[in-house]
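Asker:
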Amino acid sequence: MTLQQLERLVPALHSRGYQVIGPIVRDGAIAYDVVESLSDLPVGWTDEQEAGRYRLRRRKNDNNDDEALFGYVVGPQSWKKYLHPPEVRLLTAERSGRTFRILNNEPAPPQRAFLGVRACELAAIAAQDRVLQGDRYRDPVYAARREGIFIVAVNCTQAAPTCFCTSMATGPRVRGAYDLALTELVGPGRHEFVIEAGSDAGAEVLAELAPASASSVASEALCQEAEGAVERAASQIRRRLDTTGIRDLLYANFDHPRWDNVAQRCLTCANCTMVCPTCFCTTVEDVSDVTGTHAERWRKWDSCFSQNFSYIHGGSVRSSAKSRYRQWMTHKLASWIDQFGSSGCVGCGRCITWCPVGIDITEEVRAIRESPASAKENNHGNS
Amino acid sequence: MTMATAATTDFMLPQPYLVQQVVKETADTFTLTLEPSDGTGRNRFQPGQFSMLWVFGVGELPISISGNPADRAQLVYTVRSVGKATHALVSREVGETVGVRGPFGTGWPVEKAEGRDVLVIAGGIGLAPLRPVIYEVLHNREKYGRLVILYGARSPRDLLYRKELTAWARQPETQVLVTVDYGGLSWRGHVGVVTTLFKNARLQPARTLAFACGPEIMMRFVARDLENQGFAPENIYLSMERNMKCAVGFCGHCQYGPHFICKDGPIFPYDRMRPLLEKYEL
Amino acid sequence: METLEHIISEHSFFSGLESYYTNLLTGCASNVRFEKGTYIFKEGEEANEFYLIRAGKVALEIFAPQRKPIMLATVGEGEVLGWSWLLPPYQWKVHAHAIETVRAIALDGKCLRTKCEENHDLGYEMLKRFARIMEQRLEATLLQLLDVYAAGK
Chain A
1 MTLQQLERLV
11 PALHSRGYQV
21 IGPIVRDGAI
31 AYDVVESLSD
41 LPVGWTDEQE
51 AGRYRLRRRK
61 NDNNDDEALF
71 GYVVGPQSWK
81 KYLHPPEVRL
91 LTAERSGRTF
101 RILNNEPAPP
111 QRAFLGVRAC
121 ELAAIAAQDR
131 VLQGDRYRDP
141 VYAARREGIF
151 IVAVNCTQAA
161 PTCFCTSMAT
171 GPRVRGAYDL
181 ALTELVGPGR
191 HEFVIEAGSD
201 AGAEVLAELA
211 PASASSVASE
221 ALCQEAEGAV
231 ERAASQIRRR
241 LDTTGIRDLL
251 YANFDHPRWD
261 NVAQRCLTCA
271 NCTMVCPTCF
281 CTTVEDVSDV
291 TGTHAERWRK
301 WDSCFSQNFS
311 YIHGGSVRSS
321 AKSRYRQWMT
331 HKLASWIDQF
341 GSSGCVGCGR
351 CITWCPVGID
361 ITEEVRAIRE
371 SPASAKENNH
381 GNS
Chain B
1001 MTMATAATTD
1011 FMLPQPYLVQ
1021 QVVKETADTF
1031 TLTLEPSDGT
1041 GRNRFQPGQF
1051 SMLWVFGVGE
1061 LPISISGNPA
1071 DRAQLVYTVR
1081 SVGKATHALV
1091 SREVGETVGV
1101 RGPFGTGWPV
1111 EKAEGRDVLV
1121 IAGGIGLAPL
1131 RPVIYEVLHN
1141 REKYGRLVIL
1151 YGARSPRDLL
1161 YRKELTAWAR
1171 QPETQVLVTV
1181 DYGGLSWRGH
1191 VGVVTTLFKN
1201 ARLQPARTLA
1211 FACGPEIMMR
1221 FVARDLENQG
1231 FAPENIYLSM
1241 ERNMKCAVGF
1251 CGHCQYGPHF
1261 ICKDGPIFPY
1271 DRMRPLLEKY
1281 EL
Chain C
2001 METLEHIISE
2011 HSFFSGLESY
2021 YTNLLTGCAS
2031 NVRFEKGTYI
2041 FKEGEEANEF
2051 YLIRAGKVAL
2061 EIFAPQRKPI
2071 MLATVGEGEV
2081 LGWSWLLPPY
2091 QWKVHAHAIE
2101 TVRAIALDGK
2111 CLRTKCEENH
2121 DLGYEMLKRF
2131 ARIMEQRLEA
2141 TLLQLLDVYA
2151 AGK
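For the protein sequence lines, the chains are A, B and C, in the order given. The numbering of the first sequence is the numbering used here, which starts it at 1 and goes up by one. The numbering of the second sequence is the numbering used here, which starts it at 1001 and goes up by one. The numbering of the third sequence is the numbering used here, which starts it at 2001 and goes up by one.
As structure tokens, then:
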């Protein structure tokens, strides 16, 4: 499919009632926001990421500006911004006499389409689906926002140094439930897309963009080229996280000296939990107006790194930075498996990029794996 | 786009309940009796479960239900005032409204105790979540064997349900032993931590289910003592506590190892808790 | 160089013990060292040894949630660490934290229990000495409980 043909994607989604969310450039980073057309996307931009470092720069292709729409990996935001919002009102209540009334007046969220969902992000959405909809209780706030999302996924054709989706078996090729998936092929004098439908809704939109004809079906050669581009992305991945027996490894190394080591570096700033696409912890705030007749309950993102996250009368259970980092990493890589049947980490690398001191989760796992505390040391390690 | 209906979201919304009675148990602890304000409401609960109690515009707290499970008309809670939200809760007057969500969590497996002896060990306010077990056993006496209640509080003035303790002690096949850490001048009863009561309790570990609730360090020592006396770890149950915000497994605050205390607990068998209890700052 | 036997027989804890018995004890003894910051034993673990502290200091600690580790007492040079090896359930009740580097003689509890069962006179000598330590600890704890320094209540 040509770029011109793809230009019709956003209008096609609009005509079906979707608000389209996609990547844009803002404040020197790739963010997600409402897009009105493909020209709103980070055309010709790419990112440079390393532990504790993120920059955008213009793409160059043989001294020419490259006009790729998806020539970067993932920015600090993820789709949880829309599905599991940073701030959402849970209820409004009014006092009436000596009792109160809950008002059922929360506005319905708009029907949305997500344009540009990477493989790791698709896996992250599935992970949050499991947490918030697949367990004993179904979160109505998440369900209302998740239902009917139209997903246009994008296969990565390049990887950042911080990516490790291959270790977590989540990418770079998208796998899971999507409506459309595309691979961008861009070079001197050419800009085209191999696009496939993953659902009936996707097929219906695809038919509008490229009415069925011999010329619209991608040739064998083109498909192979697209495959190759994705494989190239996989081959660029340098970081590895060995997940073999990781649950037992982390459970058994609760007293490993490495936790003291990372505690000396970790600022408990909570950046990692904010950017992580699977982190779901929230807190609840009850507020009322000055007259005390109108009350609201708000839910906001929270982080296990905060001092009072584990506070019960008398004090916080996890007082030290060490215990909080250990909790986050053990939950993400180990406990999550017991709780939800799979890892909580999708290998997107955001936590590595956005940690101000560059703590690398793959390196922390390696350090513990390569020197598991001996049984006696584990029990008698430094505390 | 459909909006979630009330029926599927009632675990998210507080129901208004009227305060019927407020009883002062100790200087800082009060028992509230609540009735649904519209006559409906879910008053069925398992002993050991908890509700989220909401004071309009102030905050919400997880409080164990401490009433009689057979009483479907009302819900009873014993609350200790330790901060702003608990203070607001215990300051409610008769006729005022408290929001109730729940019940949540797992309960004490009382049904496993049918035909067996029941040992209840409580420290401080830990007696509140255990009281429904005592009611259940005493009101269905023929279903259960002996009932032994071991209760420890900081001082005589901190003892809860004193009249009931005396009444329970007079029930058939029931032994009640009470102790305090600090006796003061006029206390003539036992002084010492609750584990010191074991030597006076008539117990047959092989046919007894033990339910313990109190400060975590107390439960740790109690459970270990019970195990040393011959109780199988899977026959010892503890009620664990962590910070809770949502009570339904979404907010992540109450995690204890891989367990969500709000939905996998708060009641857990000791064999699952033992490896976690020894982990400092878990 | 001092031999283990010499150290044991000279240690105040064993004063008055016949050399026949100190010989027996030596058979269960070894030199040990714990670096500052390490834990010599932890609550709940099997108690299979006790220690004659020759240098350094050990803090007996309990971990309670939401609080820093509570230090109950300290054991230093010339003192004996650990009596839980002596009586069932042979389980440590507290943590022992080397707050300074510790040099000690470790005595193998299992080995000793066997010898005490075989030789009741030895067993009685051990029990007498440990009973005195427990009594001293209990008395100290009672006084600690009284909180005598607290402002008038």
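We put the beta carbon where it would ideally sit given N, CA and C, even for glycine.
Determine the burial state of ASN1243/B: buried for a count of at least 16 other Cβ atoms within 10 Å of its Cβ, exposed for fewer.
Answerer: Its Cβ being crowded by 16 or more others within 10 Å, ASN1243/B is buried.
Asker: Out of curiosity, what's the CA-to-CA distance linking LEU38/A and GLY1099/B?
Answerer: LEU38/A and GLY1099/B: Cα-Cα distance of roughly 49 angstroms.
Asker: With H, G and I counted as helix, E and B as strand and the rest as coil, what does DSSP make of ALA12/A?
Answerer: In this structure, ALA12/A counts as helix in the three-state DSSP scheme.
Asker: Going by beta carbon distance, what residues of the same chain come within less than 7 angstroms of PHE2013/C, once the five residues before and after it are set aside?
Answerer: If we look at PHE2013/C and ignore the five residues flanking it on each side, its Cβ neighbours are LEU2052, VAL2080 and ARG2129.
Asker: With CYS1213/B as the anchor, note down where its beta strand (DSSP E) starts and where it stops.
Answerer: Residues 1208-1213.
Asker: Counting along the chain, where does the beta strand (DSSP E) carrying MET2071/C start and finish?
Answerer: Note, MET2071/C: beta strand (DSSP E), 2070-2076.
Asker: Please state whether the Cβ-Cβ distance between VAL1180/B and ASP1158/B is less than 9 angstroms.
Answerer: Yes.
Asker: Return the CA-CA distance between TYR82/A and ALA126/A, expressed in angstroms with no decimal places.
Answerer: Cα to Cα, the separation comes out at about 14 angstroms.
Asker: I need the DSSP call for GLN4/A, collapsed to helix, strand or coil.
Answerer: DSSP places GLN4/A in helix when its eight states are reduced to three.
Asker: Please report how far the alpha carbon of TYR1270/B lies from the alpha carbon of ILE1217/B, in whole angstroms.
Answerer: Cα-Cα distance, rounded: 14 angstroms.
Asker: Pick from SER96/A, THR92/A and GLY347/A: whose alpha carbon is nearest that of ARG239/A?
Answerer: Per the Cα distances, GLY347/A.
Asker: Do PHE193/A and MET1/A have their CB atoms nearer than 9 angstroms?
Answerer: Yes.
Asker: Check the Cβ-Cβ distances between ASP317/A and every residue of chain C, and say whether any is below 9 angstroms.
Answerer: Strictly speaking, residue 317/A in this sequence is Val, with Asp absent from that position. Chain C, which has a Cβ nearer than 9 angstroms to the Cβ of VAL317/A, makes this yes.
Asker: Determine the extent of the alpha helix (DSSP H) in which PRO1275/B is found, giving its start and end residues.
Answerer: That run of the alpha helix (DSSP H) goes 1270-1277.
Asker: How close, in whole Å, do the beta carbons of LEU1238/B and VAL1148/B come, if the pair is a contact with beta carbons under 8 angstroms?
Answerer: The pair is not a contact, with the Cβ atoms about 17 angstroms apart (cut-off 8 angstroms).
Asker: What would DSSP say about LYS322/A, mapped onto helix, strand or coil?
Answerer: Helix, per DSSP.
Asker: Could you give the distance in angstroms between the alpha-carbon of ARG297/A and the alpha-carbon of TYR32/A?
Answerer: Rounded to whole angstroms, ARG297/A to TYR32/A spans 26 angstroms at the Cα level.
Asker: Nearest-angstrom Cα distance between VAL43/A and ALA234/A?
Answerer: So the alpha carbons of these two residues sit roughly 23 angstroms apart.
Asker: According to a CB-to-CB cut-off of less than 9 angstroms, which residues of the segment 299-316 of chain A neighbour chain C?
Answerer: Those residues of the segment 299-316 of chain A that come within reach of chain C (Cβ to Cβ, closer than 9 angstroms) are SER310, TYR311, ILE312, HIS313, GLY314, GLY315 and SER316.
Asker: Could you compute how far the alpha carbon of CYS1254/B sits from the alpha carbon of CYS281/A?
Answerer: In a straight line, the C-alpha of CYS1254/B is about 10 angstroms away from that of CYS281/A.
Asker: Does ARG246/A have its Cβ less than 9 angstroms from a Cβ in chain B?
Answerer: The identity of residue 246/A in the sequence shown is Ile, whereas the question assumes Arg. Answer no: the Cβ-Cβ gap between ILE246/A and chain B never drops below 9 angstroms.
Asker: In the DSSP assignment, find the alpha helix (DSSP H) that holds GLN264/A and state where it starts and stops.
Answerer: Its alpha helix (DSSP H) spans residues 258-265.
Asker: Please report the distance separating the alpha-carbon of ALA1247/B from that of ASP1264/B.
Answerer: Each residue's alpha carbon lies about 11 angstroms from the other.
Asker: Using DSSP bridges, identify the partner residues of TRP301/A.
Answerer: Bridge partners of TRP301/A: THR282/A.
Asker: 9 angstroms is my cut-off, CB to CB: does ARG1030/B come that close to chain A?
Answerer: Residue identity check: residue 1030/B is Phe in the sequence provided, not Arg. No, its Cβ sits nowhere closer than 9 angstroms to a Cβ of chain A.
Asker: Taking C-beta pairs closer than 8 angstroms, name the residues in chain B that PHE2041/C reaches, listed in chain order.
Answerer: By Cβ distance, chain B contributes nothing, its closest Cβ being about 12 angstroms from PHE2041/C, past 8 angstroms.
Asker: Quick one: is GLY388/A buried, meaning 16 or more other Cβ sit within 10 Å of its Cβ, or exposed?
Answerer: The requested residue 388/A does not occur in the structure, where chain A is confined to residues 1 to 383.
Asker: Write down the C-beta distance between CYS120/A and VAL152/A rounded to the nearest angstrom, noting that I regard them as a contact closer than 8 angstroms.
Answerer: That pair is no contact at about 16 angstroms.
Asker: Helix, strand or coil: which one does DSSP assign to LYS2036/C?
Answerer: Reduced to three states, the DSSP call for LYS2036/C is coil.
Asker: So for GLY1124/B, helix, strand or coil by DSSP?
Answerer: Helix, per DSSP.
Asker: 9 angstroms is my cut-off, CB to CB: does ILE237/A come that close to chain B?
Answerer: False, the Cβ-Cβ gap to chain B never drops below 9 angstroms.
Asker: List the endpoints of the continuous beta strand (DSSP E) containing ALA2096/C.
Answerer: Where ALA2096/C is concerned, the enclosing beta strand (DSSP E) stretches over 2095-2098.
Asker: For ILE368/A, which residues of its own chain have a beta-carbon under 6 angstroms away from its beta-carbon, when the five flanking residues on both sides are left out?
Answerer: Cβ neighbours of ILE368/A beyond the five flanking positions: ASN253, HIS256 and ARG258.
Asker: Are ALA2098/C and ILE2040/C closer than 9 angstroms when you measure CB to CB?
Answerer: It is a contact, given that the beta carbons lie within the stated cut-off.
Asker: Report the residue from LEU1177/B, ARG1207/B, GLY1102/B and GLU1096/B whose alpha carbon sits nearest the alpha carbon of ALA1113/B.
Answerer: The residue with the shortest Cα to Cα distance from ALA1113/B is ARG1207/B.
Asker: What are the partner residues of GLU2061/C, as DSSP defines its beta bridges?
Answerer: Answer is MET2071/C and HIS2095/C, bridged to GLU2061/C.
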